[in-house]
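Student: Below you will find the structure I want to go over with you.
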Amino acid sequence: CTERYSTEYYNRPEVQRALHANVTGINYTWATCSDILNDNWRDSPRSVLPIYHELIAAGLRIWVFSGDTDAVVPLTATRYSIDALGLPTTVSWYPWYDAMKVGGWSQVYKGLSLVTVRGAGHEVPLHRPRQALILFKHFLQGKPMPDA
Amino acid sequence: SAAAAAASGLAGERVTYLPGQPPVDFDMYSGYVTVDKRAGRSLFYWLQEAPAAAQPAPLVLWLNGGPGCSSVAYGASEELGAFRIRPDGATLFLNDYRWNKVANILFLDSPAGVGFSYTNTTSDLYDSGDKRTAHDSYKFLVKWFEKFPQYKYRDFYIAGESYAGITLLWHYVPQLSQLVYRNNKGVKEPLINFKGFMVGNAVTDDYHDYIGTFEYWWNHGIISDGTYRLLNASCVHDSGEHPAPACLAALNASTVEQGDIDMYSLYTPTCN
């Protein structure tokens, strides 16, 4: 129910003042999502794989992670799409560990790292905050997830 | 840091205290950057810096999307942000696993109309799309770095989730990354020192994502064989954002079969 708490908190005038927010005094309440924007969204390409190819070729660090209990954008959707990039594998599928427990699995491709987080839903840091921070630290360091 | 903020003219954007917050060892700034003066589009940001001991830490831009969902609502308030909000809707507690322990996290609400970001041109709310959102976010970045020159040349990453956000579409992060990369091309020492991006539970390619999504629904036992076949027959060659009536009908059938569960986290109780 966390969205309910944030909706209450960010509609407090004293919170908006502290955040220097709502300076124009918008006449609608603050909401976690805008239905108007979502319902009227215009241009949206069917694939961003071409962008991945361009940025992988540029040598940027690209990590993709997936909470494996999410059914909205499930792990299998991500795996089919990453597979469609046709990248060679440099480290094949292995379990990564957090304090002797399997935190998820990972596969390292040439130019991209794929990491799953076991038991996490769509919002990975919400459901597995500790593992999400471990993932983030490894991303920043450019180090593969720990295999022991 | 108060002196530093004053010196850099940012005193007006420094968040000195949030109602109900616990004591913290890091600084915060928040406010607006105008990305289109004529239309009056301004995007809201909230910067949660890393503690002094961790500086100079990288800068990470976090984008939730939706499209139309707020990075303040999700990223900052229930995922990787420094605080969690209590059920009283009035007090905060520290997130032990906050990402600003190791990086300076910049939450951006984009496009205009999301969260506290606003536009003075109402029609903007009815014709937003990937392209303008990416360009507005890029303009935001360029102007934000002028506000915060101490972050110029600092290692910079972009991260996000889903449509960078919460529902079935996802493109912001790679599109903005592409803009940053292309505008850096040929520049010996780009001031936006872009190093890479990380995305979570991200819709990436409608065709492959549909195939993988329906397979997951079927092998996790939340749809029937018939609906599985119907979804594959009527959706996989369709658009994720603007599905045709036949695909919508199949998706509606699947919704009935799924029942009252949290599709964002299959084994988590729903919020009643």
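So the protein sequences, as listed, match chains A and B. Counting from -10, one number per residue, gives the positions in the first sequence under the numbering used here. Counting from 646, one number per residue, gives the positions in the second sequence under the numbering used here. Virtual Cβ for every residue (Gly too), placed ideally from N, Cα, C. The structure displayed is predicted, hence computed values, not measured ones.
(1) Would you kindly work out how many angstroms separate the C-alpha atoms of THR778(B) and ASP754(B), rounded to a whole number?
(2) Using a Cβ cut-off of 7 Å, pull out every chain B residue sitting near TRP52(A), in sequence order please.
(3) Would you identify the three-state DSSP class for THR858(B), choosing helix, strand or coil?
(4) Quick check on DSSP: helix, strand or coil for PRO118(A)?
(5) Would you kindly report the start and end of the unbroken alpha helix (DSSP H) that includes ARG777(B)?
(6) Going by DSSP, what residue range makes up the beta strand (DSSP E) through GLY131(A)?
(7) Please work out which residues of its chain come closer than 8 Å, Cβ to Cβ, to TRP82(A), disregarding the five sequence neighbours upstream and downstream, and give them in chain order.
(8) Which of the residues in the region 55 to 70 of chain A, read from start to end, lie with their CB under 8 Å from any CB of chain B?
(9) Anyone know if the C-beta pair for PHE689(B) and TYR677(B) falls short of 8 Å?
(10) From ASP775(B) to PRO2(A), what does the alpha carbon distance come to, in whole angstroms?
(11) Would you list, in sequence order, the uninterrupted beta strand (DSSP E) runs of no fewer than 3 residues that lie entirely inside the region 811 to 848 of chain B?
(12) Excluding five sequence neighbours on each side, which residues of the same chain lie with their C-beta closer than 7 Å to the C-beta of LYS797(B)?
(13) Would you say GLN700(B) lies against chain A (beta-carbon separation less than 8 Å)?
(14) For the region 79 to 92 of chain A, which residues have a CB atom closer than 8 Å to at least one CB atom of chain B, in sequence order?
(15) Measure from the alpha carbon of VAL747(B) to the alpha carbon of each residue in GLY711(B), PRO701(B) and SER869(B), then state which is nearest.
(16) According to DSSP, simplified to helix, strand and coil, what is ILE51(A)?
(17) Report the rounded CA-to-CA distance for ALA66(A) versus ALA121(A), giving the unit in angstroms.
(18) Going by CA-CA distance only, name the one from ASN29(A), SER(-5)(A) and VAL61(A) that's closest to SER907(B).
(19) Which whole runs of the beta strand (DSSP E) in the region 22 to 86 of chain A are 3 residues long or more, in chain order?
(20) Which residues of chain A have a Cβ atom closer than 8 Å to the Cβ of HIS853(B), listed in chain order?
(21) Are the CB atoms of THR900(B) and PRO63(A) nearer to each other than 8 Å?
(22) Under the three-state reduction of DSSP, which class applies to GLN666(B): helix, strand or coil?
(23) What are the residues in the region 723 to 742 of chain B lying within 9 Å of chain A by C-beta distance?
(24) Give the secondary structure of TYR912(B) by DSSP, where H, G and I count as helix, E and B as strand, and everything else as coil.
(25) For GLY885(B), which three-state DSSP category applies?
(26) Thinking C-alpha only, which one of ALA20(A), CYS(-10)(A) and ASP28(A) is nearest HIS887(B)?
(27) In whole angstroms, what separates the C-alpha of GLU(-8)(A) from that of SER722(B)?
(28) Taking only beta-carbon positions, decide if GLY100(A) is within less than 8 Å of chain B.
(29) If TRP691(B) sits next to PHE752(B), beta carbons under 8 Å apart, how far is it from one beta carbon to the other, in whole angstroms?
(30) Which residue from ILE45(A), THR105(A), SER33(A) and MET89(A) puts its Cα closest to that of TYR826(B)?
(31) Counting only runs of 3+ residues fully inside the region 699 to 741 of chain B, write out the beta strand (DSSP E) ranges in chain order.
(32) Using three-state DSSP, classify SER768(B) as helix, strand or coil.
(33) Mind the definition here: the region 850 to 866 of chain B touches the region 32 to 44 of chain A only if three or more C-beta pairs lie below 8 Å; say whether that holds.
(34) Are the beta-carbon atoms of ASN864(B) and GLU806(B) separated by less than 8 Å?
(35) Closer than 7 Å, Cβ to Cβ, to anything on chain B: give me those residues from the region 28 to 52 of chain A, in chain order.
(36) Quick one: what's TRP19(A) bridged to in DSSP?
Tutor: For this structure:
(1) 10 Å
(2) MET843
(3) helix
(4) helix
(5) 775 to 792
(6) Here GLY131(A) belongs to no beta strand (DSSP E), and DSSP marks it neither H nor E.
(7) TRP94, SER95 and GLN96
(8) SER55, GLY56, THR58, ASP59, ALA60, VAL61, VAL62, PRO63, LEU64, THR65, ALA66, THR67, ARG68, TYR69 and SER70
(9) yes
(10) 32 Å
(11) 838 to 845
(12) PHE790 and LEU836
(13) no
(14) none
(15) PRO701(B)
(16) strand
(17) 20 Å
(18) It is Asp, not Ser, that sits at residue 907(B) in the sequence shown. Answer by Cα proximity: VAL61(A).
(19) 50 to 56
(20) ALA66, TYR69, SER70, ASP72 and ALA73
(21) no
(22) coil
(23) GLU723, GLU724, LEU725, GLY726, ARG729, ILE730, ARG731, PRO732, ASP733, GLY734, ALA735, THR736, LEU737, ASN740, ASP741 and TYR742
(24) coil
(25) coil
(26) ASP28(A)
(27) 9 Å
(28) no
(29) 5 Å
(30) ILE45(A)
(31) 704 to 708, 728 to 730 and 737 to 739
(32) helix
(33) yes
(34) no
(35) ASN29, TRP30, ARG31, ASP32, SER33, PRO34, ARG35, SER36, VAL37, LEU38, ILE40, TYR41, GLU43, LEU44, ALA47, LEU49, ARG50, ILE51 and TRP52
(36) None; TRP19(A) has no bridge partner.
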